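Engineer:
2 protein chains.
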Amino acid sequence: MNIGDAARASGVSAKMIRYYESVGLIAPAARRASGYRDYSEADLHVLRFVRRARDLGFALAEIHELLALWRDRERHSAEVRRIAEAHVEALQQKIRDMQEMADTLQELVHCCQGDDRPDCPILDRLARP
Amino acid sequence: MNIGDAARASGVSAKMIRYYESVGLIAPAARRASGYRDYSEADLHVLRFVRRARDLGFALAEIHELLALWRDRERHSAEVRRIAEAHVEALQQKIRDMQEMADTLQELVHCCQGDDRPDCPILDRLARP
DNA sequence: CCTTGACCTTCCCATGATGGGAACCCCCAT
DNA sequence: ATGGGGGTTCCCATCATGGGAAGGTCAAGG
């Protein structure tokens, strides 16, 4: 399977597959005589794993750990859970931060007439302490 | 006022002040004979404006527009409001995306024993369709 | 007066994950 | 054999931020 086929089958772009390989997230693909990368079904499983982990917002470093645990038959599920919990907390922290921004802004937007006059509580808020 | 003083007084790092100047977000600072940048109270107001806008999550391009509107006595508050509303919606979209990730993960974490055995619904979810 | 240390200057590099594009090579079907 | 649609590597850009090097400036104290 060429990289384009693997990309379509896994949902990871060819560009990203090469990148993941270059940073050591995934093992270097087999090569044909021509130099083309050659992907197996097993490679596809890995690519799909990475894709799903990215969809859940895991960083590549975390996915690296998750892949190692996935391969390790002796793993402790506590390890996996720890990584996931840390990620959930990071997500929730970001959500709280952004929610606070959104709430503040929403309130300012609500106070703003939004007409053709210059008076604007949004700008006032940015300009004044 | 030197850049370090302006940084402390505005909450924007000296590094960032120079960067904002280099990308045209703020006007080039006055220079002393020595070449040192020299900041006035008026400059500080601008830096604080930028700082507060960043704290609300606005991108530099948006802050550029907001600064222009702030300077424009003939502005229509509708313009400011439009920018703020668009940003609020972008924030809320990101929040929804991250909340969905967090919810999914939280559920998986909840299903995971987190002990010294290898069985793990989190990895199962990443490995299976 | 000179030294010292804290500050300033510019310039380059790195982050994280992704895409765009150039220059060049390969493969298959007509 | 040729053309088009792959593949390969390499460089650049994003966005906002920080780190650090090499060298110039300033002010205080011996």
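One line per chain: the protein sequences are R and D, in this order. Everything in the first sequence is counted per the numbering used here, starting at 139 for the first residue and increasing by one. Everything in the second sequence is counted per the numbering used here, starting at 139 for the first residue and increasing by one. Don't be surprised by glycine CBs; every beta carbon is placed ideally from N, CA and C. Quantities reported herein were computed from a predicted structural model and do not represent experimental measurements.
Within 8 angstroms (strictly less), CB to CB, does R/Glu212 reach chain D?
Structural biologist: At least one chain D Cβ lies under 8 angstroms of R/Glu212.
Engineer: May I ask you to list, following chain order, the residues of the stretch 216-243 of chain R that have a beta carbon less than 7 angstroms from some beta carbon of chain D?
Structural biologist: Those residues of the stretch 216-243 of chain R that come within reach of chain D (Cβ to Cβ, closer than 7 angstroms) are Ala216, Val218, Arg219, Ala222, Glu223, His225, Val226, Leu229, Gln230, Lys232, Ile233, Met236, Gln237, Met239, Ala240, Thr242, Leu243.
Engineer: Quick one: using the 10 Å Cβ neighbour count with 16 as the cut-off for buried, is R/Arg169 buried or exposed?
Structural biologist: Counting Cβ neighbours within 10 Å, R/Arg169 comes out exposed, since fewer than 16 surround it.
Engineer: Return the CA-CA distance between R/Asn140 and R/Ser160, expressed in angstroms with no decimal places.
Structural biologist: The alpha-carbon atoms of R/Asn140 and R/Ser160 are separated by roughly 17 angstroms.
Engineer: What residue range does the alpha helix (DSSP H) around R/His202 cover?
Structural biologist: Looking at the DSSP string, the run of the alpha helix (DSSP H) that includes R/His202 is 198-209.
Engineer: Mind the definition here: the stretch 211-220 of chain D touches the stretch 192-200 of chain R only if three or more C-beta pairs lie below 8 angstroms; say whether that holds.
Structural biologist: No, because fewer than three Cβ pairs between the stretch 211-220 of chain D and the stretch 192-200 of chain R fall closer than 8 angstroms, the two stretches do not touch.
Engineer: Can you tell me which of D/Met239, D/Lys232, D/Glu238 puts its alpha carbon nearest to the alpha carbon of R/Met236?
Structural biologist: Out of D/Met239, D/Lys232, D/Glu238, D/Lys232 has the C-alpha closest to the C-alpha of R/Met236.
Engineer: From R/Ala224, R/Glu223, R/Gln244, pick the residue whose C-alpha is nearest to that of D/Leu229; which is it?
Structural biologist: Residue R/Gln244 is the option with its Cα nearest to D/Leu229.
Engineer: Taking only beta carbons into account, state which residues of the stretch 179-206 of chain D come closer than 8 angstroms to chain R, listed in chain order.
Structural biologist: Cβ contacts with chain R come from His183, Arg186, Phe187, Arg190, Ala191, Asp193, Leu194, Gly195, Leu204.
Engineer: What are the residues of the stretch 248-262 of chain R that lie near chain D, defined by any Cβ-Cβ distance shorter than 8 angstroms?
Structural biologist: The stretch 248-262 of chain R vs chain D, Cβ under 8 angstroms: Cys250, Gln251, Gly252, Asp253, Asp254, Arg255, Pro256, Asp257, Cys258, Ile260, Leu261.
Engineer: Give the interface partners of R/Ala265 over in chain D, defined as CB-CB distance under 9 angstroms, in chain order.
Structural biologist: Residues of chain D passing the Cβ test: His183, Arg186, Phe187, Arg190, Trp208.
Engineer: Pull up the distance between the alpha-carbon of R/Gly142 and that of D/Gly149, whole angstroms please.
Structural biologist: Cα to Cα, R/Gly142 sits roughly 48 angstroms from D/Gly149.
Engineer: Quick check on D/Ala168: does DSSP put it in helix, strand or coil?
Structural biologist: Note: D/Ala168 maps to strand in three-state DSSP.
Engineer: Ends of the alpha helix (DSSP H) at R/Tyr157?
Structural biologist: Start and end: 152-160.
Engineer: Residues in its own chain within less than 7 angstroms of R/Ala152 by CB, not counting five upstream and five downstream?
Structural biologist: So the list reads Ile141, Gly142, Ala145, once near-sequence residues are dropped.
Engineer: Provide the residue(s) that pair with D/Asp176 in DSSP beta bridges, ordered along the chain.
Structural biologist: Answer by DSSP bridge pairing, in chain order: D/Ala168.
Engineer: DSSP three-state label for D/His214, please.
Structural biologist: Correct three-state label for D/His214: coil.
Engineer: Below 8 angstroms on the Cβ atoms is my contact criterion, and I expect D/Asp193 with R/His214 to pass it. Report the Cβ-Cβ distance as a whole number of Å.
Structural biologist: D/Asp193 to R/His214, Cβ: 41 angstroms. No contact.
Engineer: Residues in its own chain within less than 7 angstroms of D/Leu207 by CB, not counting five upstream and five downstream?
Structural biologist: Correct list, in chain order: Arg213, Glu217, Val218.
Engineer: Is it buried or exposed for R/Gly173, if we count other Cβ within 10 angstroms and need 16 for buried?
Structural biologist: Exposed, by the Cβ-count rule.
Engineer: At which residues does the alpha helix (DSSP H) containing R/Gly142 begin and terminate?
Structural biologist: Taken as a continuous stretch (DSSP letters only), the alpha helix (DSSP H) holding R/Gly142 covers 141-148.
Engineer: Can you list the residues of chain R that D/Leu246 reaches, using a CB-CB cut of under 7 angstroms?
Structural biologist: The contacting residues are Ala222.
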